[in-house]
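Novice:
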Amino acid sequence: MCGIVCYVGKRPAAPLLLDGLKRLEYRGYDSAGLAVQGDKGTRCIKSVGKIEELQAKLNNEELPGQIGIAHTRWATHGKVTEENAHPQTDDNGRIFVIHNGIIENYQSLKEELAGEGHKFKSQTDTEVLPHLIEREMSKNGNSLRDAVRKALRKVDGTFGMCILSSDHPGQVIVARRGSPIVIGVGSDEYFAASDVSALRRYTDQVIYLEDNEMAVLTLEGFEMSTFQNERVARSAETVEWEPDAAEKQGYPHFMLKEIFEQPETLKNALRGRLVPGEGVPKLGGLVPVWEKLMVCRHLIIVSCGTSYFAGLVGRYVFEELTDMLVEVELASEFRYRSLNFRPDTAVLAISQSGETADTLAALREARRKGATLLGMVNVVGSTIARETDAGIYIHAGPEIGVASTKVFTAQLALLTCMALLIGRHQRLPVTYGIELIKALEDLPAKVARVLRRADRIEAAAQKFHKYDNFLFLGRRYLFPIALEGALKLKEISYIHAEGYAAGEMKHGPIALIDENFPTVALVPRIASYDKMVSNLQEVKTRNGPVIAVATEGDDAIHELADEIITIPESHELLTPILATVSLQLFAYYCAGYRGCEIDKPRNLAKSVTVE
Ligand code: M6R
1375 MCGIVCYVGK RPAAPLLLDG LKRLEYRGYD SAGLAVQGDK GTRCIKSVGK IEELQAKLNN
1435 EELPGQIGIA HTRWATHGKV TEENAHPQTD DNGRIFVIHN GIIENYQSLK EELAGEGHKF
1495 KSQTDTEVLP HLIEREMSKN GNSLRDAVRK ALRKVDGTFG MCILSSDHPG QVIVARRGSP
1555 IVIGVGSDEY FAASDVSALR RYTDQVIYLE DNEMAVLTLE GFEMSTFQNE RVARSAETVE
1615 WEPDAAEKQG YPHFMLKEIF EQPETLKNAL RGRLVPGEGV PKLGGLVPVW EKLMVCRHLI
1675 IVSCGTSYFA GLVGRYVFEE LTDMLVEVEL ASEFRYRSLN FRPDTAVLAI SQSGETADTL
1735 AALREARRKG ATLLGMVNVV GSTIARETDA GIYIHAGPEI GVASTKVFTA QLALLTCMAL
1795 LIGRHQRLPV TYGIELIKAL EDLPAKVARV LRRADRIEAA AQKFHKYDNF LFLGRRYLFP
1855 IALEGALKLK EISYIHAEGY AAGEMKHGPI ALIDENFPTV ALVPRIASYD KMVSNLQEVK
1915 TRNGPVIAVA TEGDDAIHEL ADEIITIPES HELLTPILAT VSLQLFAYYC AGYRGCEIDK
1975 PRNLAKSVTV E
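If you count by my numbering, then the sequence shown holds residues 1375 to 1985, one letter each, in order.
Dropping the structure here:
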């Protein structure tokens, strides 16, 4: 959602800040702004719309200075206007604040401050922050650092923020509670951002702020402390991915690049985690809770969107391979359920970003109920990674396209590994383990084979992209893939699509079938094949066009399908991954033919940090 970048160094700040903002564009935003401090004071410029519009304004202005903060806003409180864009300032325009998150008690703080004579210019919750800081400085004579610390004690809600003051030149203060801030350590220069991709081009040395921590960045270095004023010492970590991992590398869109990266991301996710001879995976991240996990018989998976569909596939896999009872819950609904938390319950949060507010809220609720918390996240150092007792990093590299692709397939592979690991300790024979590990090793090559047929999938998209409605059908492991295929199509092409368990078709959706309502059927040659074929016959009888995702060499399906997308034969548990790749490409090409903005679909944000 919103993005934060900050620079303190010896180079002109404005170009670096703009470059950082551009790298955060994928998160989704509607306005942008920056404040740069030079010898002649601090200048602040904001604009509605794309970063290019901010840049155009900048080109007309002198903006010298080697310290600055910059922000992209995704509106929550107040419309998309320049006044509501960040930085927000105090009455005198001397304190500049950029903020991600939500100040929950901003209404009462605003009334209190207004009663003392503070004037507000925006409708944002953020604007109370510079006023609170100003009050602490003017009334109580605090330094900027102490004023920020004291102001933050009055605030309820979540924030990642940067503060610049004209009266305290040469420093930027950053603070965090619930919304990420990472500090980048360069040589004689320092960065801060809400996301490593904004600063990775300039340094690979980073330090993640923890909740209720702040830092003061100056040319001489940075000092970290808690909101209780205790010093914090933490060494920098090295970012493992190269800067060009967050570039398009010649692809027209990040989404296409990320789809095509999947053979590689699967290899990376599985690297060092398969022990073929013993038929058992190795997941070091679970070691801290291994004893508990061994007696755990109840697993609750919480997640949102595409990560939720990964959880749904995971349920079938866990139930197949382990003795665990698995429930999968939409994180946003978790708090409304009165789930049975037996002492042997573990809760697994699945998330690409590791910052999804609903998933975090569900985890915290589970913590209150005494569950063991596990995480499966892609972003190293993210909040979910830090708030769980143990977990598995996905290692798929940065995913920039708003539509999640490569992380989803890596999640499926790792859920299979996790279930196999537990299942081998419970009841699975070594022969089964060896067979599944072999299939996992072969998986990247099979995904590459699906990708080699991209032109066939593009041809299907060319033929079908003008339809306004689609039905996606699958059974068992492929039912969640029908949901995911429909979500991908909706997200990036704005075509209405419904995913259904194929057996449910005759309980309602069949009423929709006619020559204008295509069905995408997941019908590879696995156990559910015959039942799926019957469903397709029902669709054909009603003149519904059919696109079948089928196993290579399945000639029988030709009679029932108008278009066939083939996937290689594989272990049944891994078929969802192969089917997914074909549906990702189908959605991508449909969106392309419809002229949609594929990497930044309207209204969507990459990381959903509000509940
Ligand atoms: O970062 P997370 O995996 O927690 O995000 C969850 C959803 O917001 C995310 O999967 C969303 O549905 C994507 N846009 C799907 O493509």
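Think of the CB as a built atom: it goes at the ideal place given N, C-alpha and C, for glycine as much as any other residue.
Taking the continuous alpha helix (DSSP H) assigned at M1906, which residues delimit it?
Specialist: Here the alpha helix (DSSP H) through M1906 covers Y1903 to T1915.
Novice: Whose C-beta lies closer than 6 Å to the C-beta of V1824 among residues of the same chain, with five residues either side of it excluded?
Specialist: I1941, L1952, V1955 and S1956, listed in sequence order.
Novice: Could you tell me which residues DSSP pairs with R1605 in its beta bridges?
Specialist: DSSP lists S1599 as partners of R1605.
Novice: In angstroms, rounded to a whole number, what distance separates the CA positions of G1515 and T1416?
Specialist: C-alpha separation (whole angstroms): 22 Å.
Novice: Applying the criterion that 16 or more other CB atoms from any shown protein chain within 10 Å of the CB defines a buried residue, is W1448 buried or exposed?
Specialist: That one is buried.
Novice: Could you give the distance in angstroms between the alpha-carbon of K1864 and the alpha-carbon of Y1851?
Specialist: In a straight line, the C-alpha of K1864 is about 21 Å away from that of Y1851.
Novice: Give the straight-line distance between the Cα atoms of V1821 and K1980, rounded to the nearest whole angstrom.
Specialist: Cα-Cα distance, rounded: 25 Å.
Novice: Report all residues from its chain with a CB closer than 6 Å to the CB of R1608; omit the five preceding and five following residues, and keep chain order.
Specialist: Result list for R1608: I1581, in chain order.
Novice: G1534: beta carbon under 7 Å from a heavy atom of the ligand M6R?
Specialist: No, the ligand M6R has no heavy atom inside 7 Å of this Cβ.
Novice: Determine whether the beta carbon atoms of G1534 and I1555 lie at a separation below 8 Å.
Specialist: A contact, by the Cβ cut-off of 8 Å.
Novice: Taking 5 Å as the limit, tell me which residues put their C-beta closer than that to any heavy atom of the ligand M6R, in chain order.
Specialist: Residues flagged by the Cβ proximity filter: C1678, G1679, T1680, S1681, S1725, Q1726, S1727, T1730, A1777, S1778 and V1982.
Novice: Measure the C-alpha to C-alpha separation of P1818 and V1606 and round it to an integer number of angstroms.
Specialist: One C-alpha to the other measures close to 43 Å.
Novice: Return the chain-ordered list of same chain residues with a C-beta closer than 6 Å to the C-beta of G1558, the five sequence neighbours on each side being excluded.
Specialist: F1565, L1573, T1577 and V1580.
Novice: Do you know whose CA, among V1422, K1622 and E1399, lies nearest S1405's CA?
Specialist: If we check each option's Cα against that of S1405, V1422 comes out closest.
Novice: Suppose you measure from the CA of E1399 to the CA of F1634; what does that come to, to the nearest Å?
Specialist: Taking the straight line joining both Cα atoms gives about 21 Å.
Novice: Can you name the start and end residues of the beta strand (DSSP E) that F1692 belongs to?
Specialist: Element bounds for F1692: not the beta strand (DSSP E) but the alpha helix (DSSP H), G1679 to L1695.
Novice: Pull the bridge partners of H1343 from the DSSP assignment, please.
Specialist: Nothing in the structure corresponds to residue 1343, since the chain is present only between 1375 and 1985.
Novice: For the candidate residues A1409, A1684, R1849 and I1675, whose alpha-carbon lies nearest to that of E1701?
Specialist: Comparing Cα-Cα distances from E1701 to each of A1409, A1684, R1849 and I1675, the minimum goes to I1675.
Novice: Let me know if V1669 comes out buried or exposed under the rule of 16 or more other beta-carbons within 10 Å of its beta-carbon.
Specialist: Exposed, since its Cβ has fewer than 16 Cβ neighbours within 10 Å.
Novice: Flag this pair as yes or no: are the beta carbons of L1657 and I1766 separated by less than 8 Å?
Specialist: Taking 8 Å as the Cβ cut-off, L1657 and I1766 qualify as a contacting pair.
Novice: Shortest alpha-carbon distance to V1502 belongs to which of V1471, R1523 and D1520?
Specialist: Answer by Cα proximity: V1471.
Novice: Please report the residue range of the beta strand (DSSP E) in which Y1564 lies.
Specialist: Looking at the DSSP string, the run of the beta strand (DSSP E) that includes Y1564 is Y1564 to A1567.
Novice: Keeping to the same chain, check which residues put their C-beta closer than 6 Å to that of L1390; ignore five residues upstream and five downstream.
Specialist: Closer than 6 Å at Cβ, skipping near neighbours: Y1381.
Novice: Is DSSP giving R1550 helix, strand or coil here?
Specialist: Here R1550 sits in strand by DSSP.
Novice: Could you tell me which residues DSSP puts in a beta bridge with Q1462?
Specialist: In the DSSP output, where bridge partners are listed per residue, Q1462 has V1471.
Novice: Alpha carbon to alpha carbon, what distance is there between G1728 and V1663?
Specialist: In a straight line, the C-alpha of V1663 is about 20 Å away from that of G1728.
Novice: For C1536 and P1717, I'd like the C-alpha separation in whole angstroms.
Specialist: Straight-line Cα distance between these residues: approximately 42 Å.
Novice: Nearest-angstrom Cα distance between F1891 and G1807?
Specialist: Cα to Cα, F1891 sits roughly 42 Å from G1807.
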